[in-house]
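Visitor: Residue 165 in numbering that gives the first Met the number 0 sits at position 166 of the sequence shown, and the numbers go up by one each step.
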Amino acid sequence: MSETTLPQDDAVSVPAGGSRHDAATAELARQAPQVPARVPDSAGLRLLAVHAHPDDESSKGAAMMAAYVDAGARVMVATATGGEEGSLLNPAAGEIQQCHRDLTGVRRQEMAQAAEALGVEHVWLGFVDSGLPEGDPTPPLPFGSFATLPLEQAAEPLVRLIRRFRPHVITCYDESGGYPHPDHIMSHRIAVEAYHAAGDPERYQGTGEPWAPQKLYYDRAFNPGRLRALHWALVEAGIESPYEERLTRWEEGDRPDWLTTHEVTTQVPVGDYLEARDAALRAHRTQVEPSGFFFATPNDFLREVWPYDDFVLVDSRVETSVPEYDLFAGLR
Ligand SMILES: [Zn+2]
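1) Quick check on the DSSP output: what are the complete alpha helix (DSSP H) runs of length 4 or more inside the stretch 108 to 168, in order along the chain?
2) Run through the stretch 264 to 306 for me and flag every whole beta strand (DSSP E) of 3 or more residues, listed as ranges in chain order.
3) Counting along the chain, where does the beta strand (DSSP E) carrying residue 215 start and finish?
4) Does the distance between the C-beta of residue 271 and the nearest non-hydrogen atom of ligand 1 fall short of 7 angstroms?
5) Going straight from the alpha carbon of residue 141 to that of residue 80, what length do you get?
6) Would you call the stretch 125 to 138 and the stretch 168 to 185 in contact, with 3 or more CB pairs under 8 angstroms?
7) Which of helix, strand or coil does DSSP assign to residue 186?
8) Could you check the C-alpha separation between residue 325 and residue 138 for me, to the nearest Å?
9) For ligand 1, is there any heavy atom lying closer than 7 angstroms to the beta carbon of residue 52?
10) Is residue 183 close to ligand 1? I mean its beta-carbon at under 7 angstroms from any heavy atom of the ligand.
11) Using a threshold of 8 angstroms, state whether the C-beta atoms of residue 100 and residue 53 are closer than that.
12) Taking 7 angstroms as the cut-off, is the beta-carbon of residue 167 closer than that to any non-hydrogen atom of ligand 1?
13) Just how far apart, CA to CA, sit residue 318 and residue 300?
14) Determine the contact status of residue 42 and residue 71, defining contact as a CB-CB distance below 8 angstroms.
15) What did DSSP end up calling residue 50 once you bin it into helix, strand or coil?
16) Nearest-angstrom Cα distance between residue 314 and residue 213?
17) With respect to the beta strand (DSSP E) encompassing residue 80, which residues constitute its N-terminal and C-terminal limits?
18) Between the Cα of residue 178 and the Cα atoms of 276, 51, 262, 33, which residue gives the shortest distance?
19) Rounded to a whole number of angstroms, what is the C-alpha to C-alpha distance between residue 202 and residue 162?
20) With which residues is residue 311 paired in a DSSP beta bridge?
21) Excluding the 5 residues flanking residue 126 on each side, which residues of the same chain have their C-beta closer than 6 angstroms to its C-beta?
22) Going by other Cβ atoms of all chains shown within 10 Å of its Cβ, with 16 needed for buried, is residue 257 buried or exposed?
23) Per DSSP, residue 171 is paired with what?
24) DSSP on residue 83, reduced to helix/strand/coil?
25) Would the beta-carbon of residue 277 be found less than 7 angstroms away from any heavy atom of ligand 1?
26) Run through DSSP, which three-state label would residue 9 get?
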């Protein structure tokens with residue numbers, strides 16, 4: 000199966016006069032009372048989250064991972080690159096000399112601390128950061144960097160990891176990468192490739208016993224339904240909303256052309272794990288400002304308005320029905 004067989008937005012039916020987001024949000028709102036407060040016992044189950052750079056795992060799906068670790072699952076984060084092209088994004092971290100001498104080394108330590116905060120296992124897939132090319136025309140990507148590699152070469156370490164760790168569920172970014180960073184798009188491509196290939200004995204020979212993961216999800220951490228719900232709740236409470244500008248632009252039709260519209264199918268209750276997410280984010284001290292965007296919405300507020308991490312079920316080899324509230328639904 001190739002990427003092109005995955006469900007596309009065109010397949011989503013939308014009621015007259017409504018957008019896909021509205022339809023999805025309305026549907027989820029109708030279901031809301033049924034959302035359980037916690038994920039079920041998950042002993043014996045394994046989840047693999049595929050990410051591009053150290054810190055991505057803490058800003059997308061982090062509370063979900065902490066929740067499943069607490070419920071007894073094994074959770075593995077695979078980070079494709081070392082984040083070598085990143086720069087110091089939190090000025091306060093600049094007081095530490097090592098951040099100027101060896102930012103990549105610091106980021107490895109940060110990643111270890113973040114993994115500890117979430118209780119997850121972690122592997123580096125060993126690729127070199129491609130950086131986000133800026134300018135007009137955009138400069139070529141660094142030679143040999145992750146996003147420039149042939150797909151099979153880039154996917155091989157992930158197939159090897161899947162055959163060793165044997166995850167039931169894989170989460171990754173959608174085809175836009177969540178935002179159009181070449182490493183994020185490549186992370187999507189290797190995750191989809193490895194999901195479909197790891198169970199096929201004819202493919203990637205010599206990388207271990209075949210293992211077919213059972214479900215594939217895309218992350219929807221920044222879906223418009225969530226942003227809108229949080230925005231209006233903040234406005235109502237008289238708290239400054241960090242989403243105002245973005246939502247206004249979207250409402251005026253000024254949406255970036257890479258913005259995808261996959262419907263959320265699966266909401267994982269994470270209300271008890273928002274502090275674990277915060278601790279993981281703070282561990283990435285060179286990348287995340289303690290007073291920045293990710294901390295702009297108080298956790299008590301999130302627990303009230305949107306205590307979920309949101310995902311799109313893209314492929315399942317087991318029986319399940321959406322909406323779901325558990326990534327392992329159908330696997331117990
Ligand atoms: Zn990234």
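Idealized CB from N, CA, C, for every residue including glycine.
Guide: Reading it off the structure:
1) 150 to 164
2) Counting only runs that start and end inside the stretch 264 to 306, the beta strand (DSSP E) elements of at least 3 residues fall at 265 to 268.
3) 214 to 218
4) no
5) 13 angstroms
6) yes
7) helix
8) 42 angstroms
9) Residue 52: yes, Cβ under 7 angstroms from ligand 1.
10) yes
11) no
12) no
13) 35 angstroms
14) yes
15) Strand at residue 50.
16) The alpha-carbon separation between residue 314 and residue 213 amounts to approximately 8 angstroms.
17) 73 to 80
18) 51
19) 12 angstroms
20) Answer is 217, bridged to residue 311.
21) 79, 80, 145
22) By the neighbour-count rule (16 or more Cβ atoms within 10 Å), residue 257 is not buried but exposed.
23) 217
24) coil
25) no
26) Reliability fails at residue 9, whose pLDDT of 34 lies under 50, so the model's placement of it is uncertain and the value that follows must be treated cautiously. Helix at residue 9.
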